[in-house]
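One structure is given below, encoded as structure tokens.
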Amino acid sequence: MPNTAPDGDLYVSPIHLAGSTFTGDPALAPLLGHGFALHDDELANVYVNSPQQHIRLGYLPEGPDNTLWKVAVHADAFGPPHWMAAFDSATPTELVTAFTTVLANSYAEGPDSYLAGMSHPIDEALRPLTQAGWKRTDSWAATVCTAPDQLAGLTYSRHLRDPQAELHDDTHRWLLWGGRDSYHSRWYATFTSRTPIHLIAATTVRLADPTPVLRYAPEVPARNRGAARITPVTPPVPTPLDVRRASAALAHTTIPRAVVRAPSVATTPGPGATLPVRALRRR
Numbered sequence: 184m185p186n187t188a189p190d191g192d193l194y195v196s197p198i199h200l201a202g203s204t205f206t207g208d209p210a211l212a213p214l215l216g217h218g219f220a221l222h223d224d225e226l227a228n229v230y231v232n233s234p235q236q237h238i239r240l241g242y243l244p245e246g247p248d249n250t251l252w253k254v255a256v257h258a259d260a261f262g263p264p265h266w267m268a269a270f271d272s273a274t275p276t277e278l279v280t281a282f283t284t285v286l287a288n289s290y291a292e293g294p295d296s297y298l299a300g301m302s303h304p305i306d307e308a309l310r311p312l313t314q315a316g317w318k319r320t321d322s323w324a325a326t327v328c329t330a331p332d333q334l335a336g337l338t339y340s341r342h343l344r345d346p347q348a349e350l351h352d353d354t355h356r357w358l359l360w361g362g363r364d365s366y367h368s369r370w371y372a373t374f375t376s377r378t379p380i381h382l383i384a385a386t387t388v389r390l391a392d393p394t395p396v397l398r399y400a401p402e403v404p405a406r407n408r409g410a411a412r413i414t415p416v417t418p419p420v421p422t423p424l425d426v427r428r429a430s431a432a433l434a435h436t437t438i439p440r441a442v443v444r445a446p447s448v449a450t451t452p453g454p455g456a457t458l459p460v461r462a463l464r465r466r
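Under the numbering used here, the residues of the sequence shown are numbered 184 to 466, in order.
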């Protein structure tokens, strides 16, 4: 497919090539629905906290670096984070939403659910990818899963000098990435050692899902378009009933016919797709 995508709304797959919608609402909604408080600052960064201050999330379009989403979970509200997760600005919004949806459900279940890091084997997070045809390679240093198109991957590092150091530097137990190797095309997500496996699995399940996602054309990274499957969203063909209704509307209007147009027919998104909300857009 040519590298220049058509204008308008598009269905894009696989999801790891779709880019971000730069929209905060979908991923914030699950937490807000469980009573989390929302605050913002003068730069339009948004902060969401659980009532007990044990779970904190930042949506940071004007943050100090390229990380758009930061999640910190605390066993003690006044102590250091128990675990952290981060998603950069190019990460597909649906992956962040999958993560926060299960995080919100875990919060409702209680601390044992959102604090227990290694209570499940790591295969729970890897299996959705391998079942979708990703190649798994194991070594003494790491387990790596790579997408069939070689444009996405997961790395689980087996040996870290100090798990606590993950909270302060760029060393992480889990690394997810996708897209062509370019500053504007490739995205990264990281999870520290104590991140509950079922939360990482929620992200990999969504990453492995082949259902196309909806994007506005400029949101799809230019370098990814040649490798992605892109289908323009086109209006459905009007039914005979639509035509009769349009004709009846024209017959009863007092506006000159030269400037009257038949009412448009709503476009129905494909399976799993939702029209992106344009609020809280990253500039």
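Ideal placement from N, C-alpha and C gives every residue a C-beta, glycine not left out.
Simplified DSSP assignment, three categories, for V388
helix
Less than 7 Å between the beta carbons of P395 and G202, yes or no?
no
Could you give the distance in angstroms between the alpha-carbon of A255 and the alpha-carbon of L240?
6 Å
CA-to-CA distance, P393 to G517, given in whole angstroms
Nothing in the structure corresponds to residue 517, since the chain is present only between 184 and 466.
Can you give me the start and stop residues for the alpha helix (DSSP H) that A291 sits inside?
T276 to E292
By DSSP, does I383 sit in helix, in strand, or in coil?
helix
Where R312 and A220 are concerned, what is the direct C-alpha to C-alpha distance, given to the nearest angstrom?
Correcting the residue type first, residue 312 is Leu in the shown sequence and not Arg. Approximately 34 Å, taken between the alpha carbons.
Once the 5 residues before and after T329 are set aside, which same chain residues still bring their CB inside 7 Å of it?
W317, K318 and G336
In the DSSP assignment, the alpha helix (DSSP H) including P263 goes from what residue to what residue?
Neither: P263 is in no alpha helix (DSSP H) and is coded neither H nor E.
Nearest to L390 by CA position, among G191, D223, T280 and A260, is which residue?
T280
Through-space distance from T417 to V443, alpha-carbon basis
With a pLDDT of 39 at V443, under the threshold of 50, the modelled position of this residue cannot be trusted, and the question is left open.
Between the segment 354-363 and the segment 371-385, can you find at least three pairs of beta-carbon atoms closer than 8 Å?
yes
Which of helix, strand or coil DSSP assigns to S203
coil
Would you call the CB atoms of L286 and L382 closer than 7 Å?
yes
Taking the alpha helix (DSSP H) that L334 falls in, what are its first and last residues?
Unbroken run through L334: none, as it is neither H nor E.
Are L350 and P264 closer than 7 Å when you measure CB to CB?
yes
Span of the beta strand (DSSP E), counted from its first residue to its last, around A372
W370 to F374
Measuring alpha carbon to alpha carbon, tell me which residue in A400, P275, E292 and F270 is nearest L193.
A400
Can you list, in chain order, the residues of its chain with a C-beta nearer than 7 Å to that of A258? Leave out the 5 residues immediately preceding and following it.
H265 and L298
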